[in-house]
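As you go down the protein sequences, you meet chains A and B in turn.
In terms of my numbering, the first sequence is numbered consecutively and its last residue is 126.
In terms of my numbering, the second sequence is numbered consecutively and its last residue is 1204.
A short write-up of the structure that comes next.
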Amino acid sequence: MSTNDFKIVDEVYEAGNKAMRSYVTGFVLSVILTLIPYFIVVNHLFGSSSLMYAVVIFGLLQLVVQVVFFLHLHRKSRPHWNLVVFIFTLVIVFILVLGSLWVMNNLNYNMIDASPVNTNEGYIPQ
Amino acid sequence: MTANTHTSKREEIHEPRHTKEAKALFGFWVYIMSDALLFGSIFATYAVLQGNTFGGPSAGDLFSMPFVLLETLILLASSFTYGLASLYAHHHSAKRTVLIWLLVTFLLGVTFIAMEVSEFVKLFQEGNSWQKSGFLTAFFTLVGTHGLHVTAGLIWMGGLFVQIWRRGLTVTTIGKVSTLGLFWHFLDIVWIFIFTFVYLMGAI
């Protein structure tokens, strides 16, 4: 083995250590980001609407931690195209979920608005 | 062994730019993203039907939170142990260690599925099946689809275990470790959203 070989072996080990640090950091962060929202919800530390926001924020932080430390999106073979597909998917899911909620809430709102007539035990005004 | 073969082997494993494995990995990533669209639409359905309990129990009445927390931690741990298996496959070529971590991941996954099935059976026995209300239909569809994915992942992991055991760590089997890794970590992310939007928000 030449010195060059040792250098390469060192590099492989160095990369291995780096990956190990990444997995351990990711695991610790994800456990923390699970426990905090769990305890604030179970103990009802805030009002309902602030709890909602807090839980969503912790969920999104968790997503970022998982993508960076476990999926290693930025280190894959074709980082550019991986990212393009990922962002495209995020945009579609965003439109799908928020769009559904928006449309269906609007529908419910209009139904509630018309309810005084509808709930009048079958009475239909002529 | 010359420095040259070392370098080419290293490049194959760490920067598999133009190899078959790299293409497979990218193709699989595209599949994962289409799967994310599937889960996105089921999540949208759940978000819309969440309040339609038809006089039955709502999300806050049904679930035991410590149980769900334990499920979540088990799945998070399995993602971590899979990461370790992947690490030892890529950087150290340590077959034995890879197999041990795969086995640990597999057992954690089986525990998760067993807990989920027992939760479903309990709900069903209490008369809260998917036929009861729009909320429960959406709940069983969402959580059940995730559970099916995890089960498929476990079957795949069993196959990979046997393959590595018999053929060792080759460029092909290491490529498969990466592909299943994408799938497994993705399922962990989906579960985080289920934990957040179904269980935590239901308990508020």
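The C-beta atom is built at its ideal place from N, Cα and C for all residues, glycine as well.
Identify which residue in B:Pro1066, B:Ala1094, B:Gly1083 has its Cα closest to the Cα of Met1115 (chain B). In the second sequence, residue 1115 (chain B) corresponds to position 115, counting from 1. Among B:Pro1066, B:Ala1094, B:Gly1083, the Cα nearest to that of Met1115 (chain B) belongs to B:Pro1066.
With DSSP as the reference, label Ile1204 (chain B) as helix, strand or coil. Residue 1204 (chain B) sits at position 204 when you count from the first residue of the second sequence. It is coil, neither helix nor strand.
Contact check, Gly1040 (chain B) vs Leu96 (chain A) under 8 Å by CB: the rounded distance? If you number the second sequence from 1, residue 1040 (chain B) lands on position 40. If you number the first sequence from 1, residue 96 (chain A) lands on position 96. Indeed they touch by this definition, with Cβ atoms about 5 Å apart.
Buried or exposed: which applies to His72 (chain A), given that a residue is buried once 16 or more other Cβ atoms fall within 10 Å of its Cβ? Locating residue 72 (chain A) in the first sequence gives position 72, counting from the first residue. Per the 10 Å Cβ criterion, buried.
For the putative contact between Phe69 (chain A) and Leu29 (chain A), defined by C-beta atoms under 8 Å, what is the C-beta separation to the nearest angstrom? Residue mapping note: residue 69 (chain A) aligns to position 69 of the first sequence, counting from 1. Residue mapping note: residue 29 (chain A) aligns to position 29 of the first sequence, counting from 1. Contact between Phe69 (chain A) and Leu29 (chain A) holds, since their C-beta atoms are separated by about 7 Å, short of 8 Å.
Short Cβ contact (9 Å threshold) for Phe1063 (chain B) with Tyr1199 (chain B): For the purposes of this step, residue 1063 (chain B) is taken as residue 63 along the second sequence, with counting starting at 1. For the purposes of this step, residue 1199 (chain B) is taken as residue 199 along the second sequence, with counting starting at 1. A contact, by the Cβ cut-off of 9 Å.
Taking 9 Å as the CB-CB limit, is Ser115 (chain A) close to chain B? For the purposes of this step, residue 115 (chain A) is identified with residue 115 of the first sequence, where counting begins at 1. Residue confidence for Ser115 (chain A) is low, a pLDDT of 47 falling below 50, so the modelled location carries little weight and cannot support an answer.
What would DSSP say about Phe1186 (chain B), mapped onto helix, strand or coil? Along the second sequence, read from residue 1 onward, the residue named residue 1186 (chain B) stands at position 186. In this structure, Phe1186 (chain B) counts as helix in the three-state DSSP scheme.
Name the chain A residues that come within less than 7 Å of Ser1079 (chain B), Cβ to Cβ? The residue labelled residue 1079 (chain B) in the question sits at position 79 within the second sequence. Correct list: Phe70.
Residues in the stretch 1031-1045 of chain B with C-beta within 7 Å of chain A's C-beta atoms, listed in sequence order? Here the close residues are Met1033, Ala1036, Leu1037, Gly1040, Ser1041, Phe1043, Ala1044.
In this structure, does DSSP put Glu1126 (chain B) in helix, strand or coil? Within the second sequence, numbered from 1, the residue matching residue 1126 (chain B) stands at position 126. Under the three-state reduction of DSSP, Glu1126 (chain B) is assigned to coil, being neither helix nor strand.
Could you tell me the distance, in whole angstroms, from the CA atom of Met1201 (chain B) to the CA atom of Gly1181 (chain B)? Against the second sequence, residue 1201 (chain B) aligns to sequence position 201. Against the second sequence, residue 1181 (chain B) aligns to sequence position 181. Cα to Cα, the separation comes out at about 29 Å.
Going by C-alpha to C-alpha distance, which of B:Lys1020, B:Phe1026, B:Tyr1082 sits closest to Phe27 (chain A)? For the purposes of this step, residue 27 (chain A) is taken as residue 27 along the first sequence, with counting starting at 1. Closest option to Phe27 (chain A), Cα to Cα, is B:Tyr1082.
Do we get a CB-CB distance below 9 Å when we pair Val1048 (chain B) with the residues of chain A? Working through the second sequence from its first residue, we reach residue 1048 (chain B) at position 48. At least one beta carbon of chain A lies nearer than 9 Å to the beta carbon of Val1048 (chain B).
Own chain residues within Cβ distance below 6 Å of Pro37 (chain A), not counting five before or after: Position 37 of the first sequence, counted from the first residue, corresponds to residue 37 (chain A). Answer for Pro37 (chain A): Val55, Phe58, listed in chain order.
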